[in-house]
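Order-wise, the sequence lines are chains A and B. Taking our numbering, the leading residue of the first sequence gets 33, the next gets one more, and so forth. Taking our numbering, the leading residue of the second sequence gets 53, the next gets one more, and so forth. All residues carry an ideal CB built from backbone N, CA and C; glycine is no exception. To start, the structure under review is shown below, and the notes come after it.
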Amino acid sequence: MSCWETIADYGLRSLGIGERLLPRSDFTLCQQFTLIGSGMLWNIYFGVLALAFGFFLSIAVALGKAAHNPLLRKAAEWFIFLFRGSPLFIQFFFAYFAFLSLKSVHPVFDPFTSAWLGALIVLFLNTSAYAGEIFFGALKAIPKGDLEAADAYGLMGWKRFRRITFPTMLRLAWPAYTNEAIFLFHATALVFFSGFPAWQQRGDALYYASYFADKTFNPFVPYPILAFYFILLTLCVIGVFGAINRRLTRHLPQDRRPKMRLRPMLVR
Amino acid sequence: MFASCADPETLTGLNWLACYLTNGKHLLFYQSFGTVMLLLVITAPVALAFGFLGASAARSHVAPFRWLGKSYTSIVRGVPDIAFFLFFVIALDQAFEWLRHQVKCPDWGQPIRQGSDFVVCDAAKLPLSSSPQWVHETYGFALAVLTFAIVFGAFAANVLFGAMRSVPHAQMETAEAYGFSSRQAFWRILVPQMWLYALPGLSNLWMILIKATPLLFLLGVEDIVYWARELGGSKTARFSDYPHGDWRMWYFGALLVFYLLLTKVSEVALDRLMTRLSHGQATSGGEAQRKAAA
């Protein structure tokens, strides 16, 4: 079987398209590359959607934490503490079993027990909490002069937020938010190890990598392949976020643009 | 545990719960919290030592050491940590067995990798197949600790490397002016002063380490996640004296609370430590203390 045939058979295996049976013996390098790459589709799916939805909630959370209303502020603080103070791994487990219990109450909760929705919700809330804290920090770091200038021009309320507060906050938070995005993508590797079942062996990249490592008892091939894919993904994220960063700071002189720096923040 | 627990079927309400929560399996569950704390207590200093070695190597004048240190600090970026955990546990195990195999069975004829199998001679097996259960468990735990230490050591190395560079350069120049050799300056000037700069990063790392402990479960150790799944699953009257439905949600809820408490306690303790270390230092924290006192 040539490599092209393998790619045709297994390229979309993680979505359930193509060959049903996973290879069982005589694993070729091509099979490992194809299947692990196919699993990356799930990592990208979880990461992109959680980030896209999380962006809006995290801004709401940051504004809530900065609000004068003590009720809003406490709610936001507790939300952030709950999701940042506990391991994502335990959050996954808890959510999965909570959804299982709800499922027996009403069949509406059926889809929540499968990874594509249940895990996505956990990741969405989790990234909202982490990014909320980042945006809150940026909100507090907005130069006083900017806000005073806005006042002087008579900008108030929504208009002031949209024209002054929000863009400055985004600009200040962007390097840290890029980090958050990278580590969110890394966190997606946890999904299928934490309760959520991989239905019909449709798993993510790490699921297939550990499948190969278990079958061949040789970790030195699948995990470096996985590392290769993740480094590629990380570079793509840095590329996209860097482009956005350049757009956000296009009016600033070159030397005052905030630098993108990758800071490690391993487990969540 | 209690005398009244002898016949669980007659129990009701709170009595039932008290007996249920103190049965043998639950005592093992409580012990596994000890396992987690043990992991934290052992891993933190070992990882710090790895990190210190890595950071010192990264600023070495000898190029191969520097490359080694730099690549050690940068491996963990870009790849999910969990992949490292899964990788190192098998890789370390195989590395140890391979080394023992080379030493103990030099005249072994067959290849070690036979297709999908990893075969070493019986004397090189780790732990030996004849050793008792507790040796197997301890070996598994030790592998997990080593894995955690390697991964977290890389992060600690990154933090310490940054901290070493943050110590004001004038301090090192002064040491040189006083005739310190570079080794003396390193140990007497740089190392004592770097902790203040390292502490924010290290406390962050500690929080992360706490949140990484449930991954022990993936490394095959019977930790709190293992027991929560085990005990929470629904039990029928046939196999258990205490039948109940699927309670895993509540067990994991309890774990969530446990971790939140651990985080809160660490936060308070680390804040105090920071206040202590900032005392008399030429940083904004130290300056704030000085002004408050004056």
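Buried versus exposed call for residue i [16 or more other C-beta atoms within 10 Å across all chains shown]
i	result
A/C268	exposed
B/C71	buried
A/L53	exposed
B/F137	buried
A/G150	buried
A/I49	exposed
A/T66	buried
A/Y42	buried
B/R328	exposed
B/N210	buried
A/R234	buried
A/Q286	exposed
B/M89	exposed
A/Y185	exposed
A/S160	buried
B/K263	buried
A/V137	exposed
B/G65	exposed
A/P229	exposed
A/Y209	buried
8 Å Cβ cutoff, residue i in contact with chain A
i	result
B/P132	yes
B/L91	no
B/R217	no
B/P266	yes
B/T87	no
B/I164	no
B/F213	no
B/L251	no
B/K263	yes
B/F81	no
B/M326	no
B/G231	no
Residue i and residue j closer than 8 Å at C-beta
i	j	result
A/G227	A/F125	yes
B/M259	B/T315	yes
A/M72	A/L265	yes
B/V197	B/L105	no
A/T248	A/D236	no
A/M201	A/L157	no
B/R324	B/R300	no
A/A82	A/F168	no
A/F262	B/V141	no
B/Y303	B/L283	yes
B/A176	B/R152	yes
B/T125	B/F213	yes
Candidates the options, of which the one nearest residue i by Cα
i	options	result
A/S133	B/R328, B/G305 and B/V98	B/G305
A/G69	A/F249, A/A241, A/S118 and A/F87	A/A241
B/L244	B/A345, B/Q333, B/A208 and B/L63	Note on identity: in this sequence residue 244 of chain B is Pro, with Leu being the wrong assignment. For B/P244, the nearest C-alpha among the options comes from B/Q333.
A/E37	A/L73, A/R56 and A/Q63	A/Q63
B/D385	B/Q341, B/T190, B/R328 and B/S318	The structure shown does not extend to residue 385 of chain B, since chain B is modelled only from 53 through 346, so no value can be given for it.
B/V219	B/L251, B/G231 and B/Y230	B/L251
B/G272	B/K263, B/D145 and B/N67	B/D145
A/D58	B/L248, B/L63 and B/Q166	B/Q166
B/D59	B/V141, B/S318, B/L270 and B/S292	B/S292
B/A96	B/N256, B/W150, B/F117 and B/A115	B/N256
A/F260	B/Q83, B/L267, B/E61 and B/I127	B/I127
A/S34	A/L61, A/R56 and A/L44	A/L61
A/G117	B/V309, B/M326 and B/A345	B/V309
B/T335	B/E319, B/S286, B/L270 and B/L248	B/L248
Limits of the alpha helix (DSSP H) - the one that residue i falls within
i	result
B/Y347	Here chain B has residues from 53 to 346 only, and residue 347 of chain B is not among them.
B/T327	R300 to S330
A/Y209	F198 to A219
A/F126	L120 to V137
B/S336	S336 to A345
B/P266	No alpha helix (DSSP H) holds B/P266; DSSP gives it neither H nor E.
A/L258	P254 to L280
B/M224	H221 to A229
A/I166	A147 to K172
B/I127	A115 to I127
B/T190	Q185 to S218
Residue-chain proximity (residue i, chain C), Cβ-Cβ < 8 Å
i	result
A/A151	Absence of chain C from the displayed structure is noted, the protein chains being A and B.
Cβ of residue i within 8 Å of any chain B Cβ
i	result
A/P119	yes
A/A130	yes
A/H138	no
A/F144	no
A/S70	no
A/A182	no
A/S160	no
A/V299	Unreliable placement is indicated for A/V299, whose pLDDT of 47 sits below 50; no coordinate value is reported for it.
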